[in-house]
Structures are given as C-alpha cells and as structure tokens.
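In this note's numbering, the protein residues as written are 584 to 924.
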C-alpha cells in the first residue's frame, strides 16, 4: 500500500513538472516566438532581479501583457473545471457528472449574452456571467429544497430544468440581438475562447478560484468517505450533508469563475478526471490534485493549438469538444477502465 501511495505521489510531482514545462513552452510558441533565454530574462526582471535588458520592448510587451495573462488563465480555468468535475463525480457518485450539472455554465452564458445585448464593457460581460452563474446555482438549490424525495436526485433534476430554462433565455437573446454586431459577439463568447485575456480578468477570478480550490484540496479525504455512502460517513464522524454542501458551493464558485472569463468550454471537467482516475486511481487524496494539474496541462495545450493553427485562432470550446469526445470514447471503451465508488 505504501508503494502504491509513493507511486501516486511521484505521479503528482511529475504532473507538476510537466505543467511548468508546458507553461514555459507556451511562451515560445506563437506568431511572435520568444526564445527561452529572453523569456527567463523578462520574467526575472519583472520579479525584481537585476538583469540588464537583452530583449526588445516589443518582446517584453508580448510576454507580459499578452501571453502571460492568457497562459495563466488557461491553467487556472483548466484546473477549476477539472477539479469541479472530479468533485461532482464523487459527491453525486455519477461518472457522467460535469461542472455544468447544476446549471452554472448555462447561467453564465445567459448573463454574458444579456450583458453583450445591453452593450456592457468586457469587464461587465465577465461580471454578468459570474453573477448569473452563481444566481443560477442558488436557484437550483432553492428548488431542490422544495422538491420531494431524494435530495441529491432533486438537486440534479433541478439543475437540468434550470439549465434548460436559461439556455432558452440565451436563445431568445440571440434571436433579438443585432445580427450584424451583437449576435456574432454572443455566438463567439458561447463557443469559448481565451483570446484577449487581460490582467484585470486574472485578478478578478484569482481570489474566487483560490477560495474554491483550496477547500476542495483540504476536503479531499472527506470526499473519499462520502463515496462509500452516507451511513459509512456518519459512522466515521463525517457529516455527509454538510461536506456535500461545502463541496458543491466550492465547485460552483470555481466553475462560475472559470466560465465567466473563458466562455462555454466543455469536456474538460468530464474527460480529465476520468483520465486521472486511470492514472492515480479513485483515491481523492491523489485524484483531486491530479485532476487539477491535468486540467491545467490539457487546457494549456489545447489553447496553444487554438492560437497557433490559424492566424485568427479557433474558439477553444470547439477544440475541447473535438478532442475530448473521441478521447472520452476511448477511455470508456478501453481495457481496464471502470468507475470505482
């Protein structure tokens, strides 16, 4: 058992190293490539190290104002979506659970579409998506509290119903939006993209993301207990309702934060936890950090493909679906794949 645990810990460390390598490699890719030596010099000088500039001003601007915010958002969004997906799959004991199961993504899409329709700024669109995402999940909770029968099932069914309602609202906004100006902007946002990432967006979502991810990491052993059933959890001194509520709140917070700055990006929260489960097993002590690291790596790689394949860039939501769907089919049909409670 100790050997297995040691192996999983090594895997987590290797994922961390792989993430750092991918981050550094992302700066060197693009239509304006930045050599690694200049990249390290720019980052070091920005951190206060006494390094004489041996790079151009254009190179420093590209790294600090354009590429670094986008790379950071890619990692943060990927980690949040994947961590939320792993959490939902555990508390609902459903391998098909994903970050949008409670309507967070549908609410964010409605909020962003409404903000675009009324002509709000870029920050206003992000704020509208974030607030509507949280409000949607709050509505789901309120409905589930008044539903009869199993509370968890009522929560899931309420999420499906409210998601459909807000998707209809988004469709109506697209119907009445100006087809030459507002409609293309709404459509592009809904496809998901990290192009045009700004430091203001990084700062806006950094705190809620951290406030959600940290408890998910701290509660991962309680999540292990909950997956064994409520009776077993109570016998071990764990309050399943309280832990489940805390995990749902934290997962909703990170999902709302991620979607508000990235748009509708699917499959990350479904595919990556399944892949990590095959690599490190179903023990959430390793599955949760593995999913967060794997999600960051995956979305960073996909975003690099998005911004380098064409000059205009491909919406990242299209690529995650194009890559994620076949990969998920391979995962569920491959030998040895199974979901452990």
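All C-beta atoms in this analysis are idealised placements derived from N, C-alpha and C, irrespective of residue type, glycine included.
Where residue 869 is concerned, the enclosing alpha helix (DSSP H) starts and stops at 867-892.
For the segment 793-877, the full-length alpha helix (DSSP H) segments reaching 4 residues or more read 803-809, 813-818, 823-845, 851-863 along the chain.
Secondary structure of residue 701 (DSSP, three-state): coil.
Exclusion of the five residues before and after residue 690 leaves 715, 716, 719, 749 as the residues of its chain whose Cβ lies within less than 6 Å of its Cβ.
For residue 833, the closest of 669, 599, 626 by C-alpha to C-alpha distance is 669.
Under the three-state reduction of DSSP output, residue 916 falls in the helix class.
Bounds of the alpha helix (DSSP H) holding residue 765 are 765-774. According to the DSSP assignment, residue 675 belongs to no alpha helix (DSSP H), since it is labelled neither H nor E.
Between residue 784 and the set 600, 624, 635, 649, the nearest pair of CA atoms involves 649. The Cβ neighbour count for residue 779, taken over all protein chains shown within 10 Å, is under 16; the residue is labelled exposed. Our two residues, residue 847 and residue 613, have alpha carbons roughly 24 Å apart in a direct line.
The three-state secondary structure of residue 783, taken from DSSP, is helix. In this structure, residue 688 lies away from residue 875, with their beta-carbon atoms at least 7 Å apart. Contact between residue 659 and residue 792 holds, since their C-beta atoms are separated by about 6 Å, short of 8 Å. For residue 620, the enclosing alpha helix (DSSP H) starts and ends at 619-629. Listed in chain order, the non-local C-beta contacts of residue 821 below 8 Å within the same chain comprise 805, 808, 809, local neighbours out to five positions each way being set aside. Under the DSSP assignment, residue 734 falls in the alpha helix (DSSP H) whose first and last residues are 734-759.
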